[in-house]
Amino acid sequence: MSTHSHAHHEPTPEVWTCPMHPEVRQDGPGQCPECGMNLAPADEAAAPGSHSHGEHAHHDHPGDDHAHHHAHQHDTGTGEPTVATPAVEGVVYTCPMHPEIREDHPGSCPKCGMALEPIAPSSDDGPNPELADMRRRMWISAALAVPILVLTMLVPFVPAWDAAIPAAVSQWIQFALATPVVLWAALPFFQRGVASVRHRSLNMFTLVSLGVAAAYLYSLVGLLAPGLFPASMREDGRVEVYFEAAAVIVALVALGQVLELRARETTSGAIRALMDLAPATAIRVGEDGTESEVPVEQLVPGDVVRVRPGDKIPVDGTVTEGRSSVDESMVTGESLPVSKEEGDAVVGGTVNASGSLLVRAEKLGSDSMLSQIVDLVASAQRSRAPIQGLVDKVSAVFVPVVIGIALLALAIWLAVGPEPRLAHALVVAVSVLIIACPCALGLATPMSIMVGVGRGAKEGVLVRDAEALETLEKVDTLVVDKTGTLTEGRPTVTEVVTLGDTTRDDALRLAAAVERGSEHPLARAVVEAAADAGLDVPASTDFASTSGGGVTATVEGRAVTVGNAGLALAASDDAQRAELQERADALRASGATAVFLTVDDAPAAILAIADPVKESTPQALSDLADEGVHVVMLTGDNAATARAVAERLGIDEVRADVRPQDKADVVTELTRAGHVVAMAGDGVNDAPALAAAAVGLAMGTGTDVAMESAGVTLLSGELTGIARARRLSRATMGNIRQNLVFAFIYNAIGIPVAAGVLYPWLGVLLSPMLAALAMALSSVSVISNAARLRSVRL
């Protein structure tokens, strides 16, 4: 996990506070219990503008939380931890349904009672302490509940057994077996139920604890003091008891918790898969050329490592020697290997497919791309989608309404139910309390978000927050920056039109000699073209830049100028001028920029420099068109060049000559016109537009500023990732809707059936044990449905 680093080490400040809630004070770093923002040293938080680095809670990295927390965050509402497990240093636990909860130890959520889980699990978590504890309680309670079931469901129907075990003895045996189940195995459920009342956040454990307590206490009073019940409820001086209901409910709820915990572990598989990409060791090459295998943790920036064919690249760095193809599909989602040679950047966790490489380490540990991806995915998995607001409103009143329905059913059965009325009323009330599990409703959204975000990460689609994922499916207009998004972002010389006696090689040699000292992208394109042609570029002197005209220099004793049409046309007669203009217009019509070369004041060549369209762009635009997305291209190029590129790609709407500061205005204009706009870009100048759009889509090959401003990052830098991201959004939101429909239908049917609405027609009541089984399966069904997103095709 990453921590904020500083250029110089200072002692940890004694007091930390929240920039937004200065009344929050604690003695170490962590997160604000009010808003979730990272705490800052009190002196920094008090400084003007000190909060700017934490304005957006979703930008916080989960690793920034440590084992120091506000005192009340440690309290689960019971006064003691639910699982006696030592905290793992640096690991922060949270609740899937309430991501604002932060604890430095495993346990249960004070709001819903759900087992907490690590924000970003490691690849070697070891046994889940909550799962191990709940599994032990399940098996012991099941072992004790089975004999009770035999005594109540089987013995009375076997005459020999019934005669051997009198009813009074049977009840005392049931009491002896059920008591440890209720008082020990069900203890976490009662603790969470009490915590829910203390925190005024009623949840499933409120219902479970009420139901189990009612069945057990009713049976206990009936066993110890049967005379307190009316004669109509006694048979041979005994009152019918429900120890089997209490014990079996506990066993089934524990089973449901075990199934839920196991299912939830699978939803974090995406993060574990990402973490497993990083190799544990690397072959370090010493200054003397010796090689030794060392743990990756021992590497430092500047170390050189050897990557053999078939090995995973252990670090983010630059190739210093060798040539190979690298499989980057695990990070970018693109299946084709990428050629790498000296000077190329490589990413840790990718696979060296063929040749041997020497790589200089540059980014390690928390600075590596893989670590940042893991942090981003973990943070996004805990974010809340807007649709969760509806669920929160329903959940806030759900449990009180269920308790009210249970009390109403109890009253009706006491008033008009068949004899024995109290026994029937108790069965109905307990069944209503047990079957109404709000967990299925609460888990519907966060489980789908967790799996969906992880699935996107495997395809190179990094979602920063759930809101972006939800909005993406509604996008009807996509604004794309041409350079670096539709195109490669690296201009190249595509054609050389020579004039007079000048050859192509001469034109490139002379132009490269002049441009070699310039950092302009077009200048680099000329120099690279000469290098690719294997030309020997001569030296130049007397370099000078002409405002509005280009650059000049003396090369091999000749005056050479490279620039726009002004100087070339000025040095031409009317016939040459017309010819030059015609050829330049033809090049511009193909989407290229025309650069003129003059030698000794005579036109010598026209170099066509263009930014090639990415191979994947046409298919990506076709996919988006099929999905009804209107594409608008933005570019700073002149209208002729912009139209040429747009026509080639089939884009209808083009905004040319757009200045960087105008891009956000275009997005705002389209938004005001009623469109849901997504913006795709990769440069610093795209950041305002990315932030202004409903969804910002940053190319992973672009700048950090662009990625910080975007809701979604496409690691491959290919436009095809946008179509994948939209499919992911549709699949995830569809899955959420399925979960919500299931949860609502389940409760809409289950609660009335448990209340006994079918009794007048069918003469049967829902057993509290069946209600407990249905409750357990409801949560597991929601989680299992969310897990289907792991295999969705993007």
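If you count by numbering that gives the first Met the number 0, then the sequence shown holds residues 0 to 793, one letter each, in order. The C-beta atom is built at its ideal place from N, Cα and C for all residues, glycine as well. This structure is a prediction, so every number in the text was calculated from the model and none was measured.
DSSP-derived helix/strand/coil call for residue i
| i | result |
| --- | --- |
| residue 437 | coil |
| residue 324 | strand |
| residue 311 | strand |
| residue 541 | strand |
| residue 236 | coil |
| residue 107 | strand |
| residue 531 | helix |
| residue 74 | Confidence is the limiting factor: at residue 74 the pLDDT is only 39, short of 50, which leaves the residue's position unreliable, though a coordinate-based value still follows. DSSP places residue 74 in coil when its eight states are reduced to three. |
| residue 357 | strand |
| residue 305 | strand |
| residue 64 | Note that residue 64 scores a pLDDT of 36, beneath 50, so its modelled location is shaky; the value from the coordinates is reported in the next line. In the structure shown, residue 64 sits in coil (DSSP, three-state: anything other than H, G, I, E or B). |
| residue 493 | strand |
| residue 92 | strand |
| residue 205 | helix |
| residue 283 | strand |
| residue 275 | helix |
| residue 346 | coil |
| residue 698 | strand |
| residue 218 | helix |
| residue 300 | coil |
Residue i versus residue j: straight-line alpha-carbon distance, rounded
| i | j | result |
| --- | --- | --- |
| residue 716 | residue 771 | 50 Å |
| residue 485 | residue 203 | 51 Å |
| residue 14 | residue 105 | 25 Å |
| residue 691 | residue 465 | 17 Å |
| residue 310 | residue 351 | 6 Å |
| residue 680 | residue 211 | 58 Å |
| residue 549 | residue 560 | 7 Å |
| residue 767 | residue 450 | 33 Å |
| residue 650 | residue 482 | 15 Å |
| residue 302 | residue 190 | 53 Å |
| residue 315 | residue 370 | 11 Å |
| residue 358 | residue 288 | 14 Å |
| residue 604 | residue 501 | 7 Å |
| residue 50 | residue 16 | Unreliable placement is indicated for residue 50, whose pLDDT of 34 sits below 50; the coordinate value is still reported in the next sentence. So the alpha carbons of these two residues sit roughly 11 Å apart. |
| residue 133 | residue 242 | 21 Å |
| residue 356 | residue 456 | 27 Å |
| residue 216 | residue 723 | 56 Å |
| residue 599 | residue 577 | 20 Å |
| residue 12 | residue 91 | Unreliable placement is indicated for residue 12, whose pLDDT of 42 sits below 50; the coordinate value is still reported in the next sentence. Distance between the alpha carbons of residue 12 and residue 91 is about 21 Å. |
| residue 169 | residue 152 | 12 Å |
| residue 778 | residue 235 | 43 Å |
| residue 794 | residue 283 | No statement about residue 794 is possible, as the shown extent of the chain runs from 0 to 793 and does not include it. |
| residue 699 | residue 662 | 20 Å |
| residue 420 | residue 100 | 44 Å |
| residue 154 | residue 145 | 12 Å |
| residue 499 | residue 532 | 21 Å |
| residue 308 | residue 353 | 5 Å |
| residue 94 | residue 116 | 6 Å |
| residue 417 | residue 166 | 23 Å |
CB-CB length for residue i against residue j, believed under 8 Å
| i | j | result |
| --- | --- | --- |
| residue 318 | residue 711 | Not a contact, Cβ separation roughly 29 Å. |
| residue 245 | residue 181 | 6 Å |
| residue 521 | residue 594 | 6 Å |
| residue 503 | residue 529 | About 11 Å separates the two Cβ atoms, so there is no contact after all. |
| residue 390 | residue 321 | With 8 Å as the limit, residue 390 and residue 321 do not qualify as a contact, their Cβ atoms being about 53 Å apart. |
| residue 623 | residue 757 | Not quite, the Cβ-Cβ distance comes to about 52 Å (not below 8 Å), so this is no contact. |
| residue 254 | residue 114 | The pair is not a contact, with the Cβ atoms about 14 Å apart (cut-off 8 Å). |
| residue 257 | residue 137 | 5 Å |
Residue i: CB within 7 Å of a non-hydrogen atom of the ligand PLP
| i | result |
| --- | --- |
| residue 156 | Of ligands this structure carries none, so the ligand PLP is not represented either. |
Residue-level contact to chain C via CB, residue i, 8 Å cutoff
| i | result |
| --- | --- |
| residue 562 | Included in the structure is just one protein chain, with no chain C present. |
(request) Pick out the complete beta strand (DSSP E) segments inside the segment 391-468, 3 residues or longer, and give them in chain order. (result) 460-462
(message) Using a Cβ distance threshold of 8 Å, determine whether the segment 239-257 contacts the segment 769-789, with at least three qualifying pairs required.
(response) yes
(message) Counting beta carbon pairs with one atom in the segment 655-664 and one in the segment 633-643, are three or more of them shorter than 8 Å?
(response) yes
(request) Pair every Cβ in the segment 292-312 with every Cβ in the segment 275-284, then say whether three or more of these pairs are closer than 8 Å. (result) yes
(request) Report yes or no: do three or more beta-carbon pairs, one from the segment 529-541 and one from the segment 581-592, lie closer than 8 Å? (result) no
(request) Taking only runs that begin and end inside the segment 737-775, name each unbroken alpha helix (DSSP H) of 4 or more residues, in chain order. (result) 758-761
(request) Ignoring anything shorter than 3 residues or poking outside the segment 645-694, list the beta strand (DSSP E) runs there in chain order. (result) 652-654, 676-680
(request) Would you check if there are 3 or more beta carbon pairs closer than 8 Å linking the segment 485-503 to the segment 733-753? (result) no
(request) Would you check if there are 3 or more beta carbon pairs closer than 8 Å linking the segment 162-175 to the segment 124-138? (result) no
(request) Write down every uninterrupted run of the alpha helix (DSSP H) in the segment 122-156 whose length is 4 residues or greater and which is fully enclosed by it, in chain order. (result) 128-148
(message) Does the segment 444-458 come into contact with the segment 660-667, if we say contact requires no fewer than three beta-carbon pairs (one atom in each stretch) closer than 8 Å?
(response) no
(request) Report the residue ranges of all beta strand (DSSP E) runs contained in full by the segment 162-192; include only those spanning at least 3 residues, in chain order. (result) none
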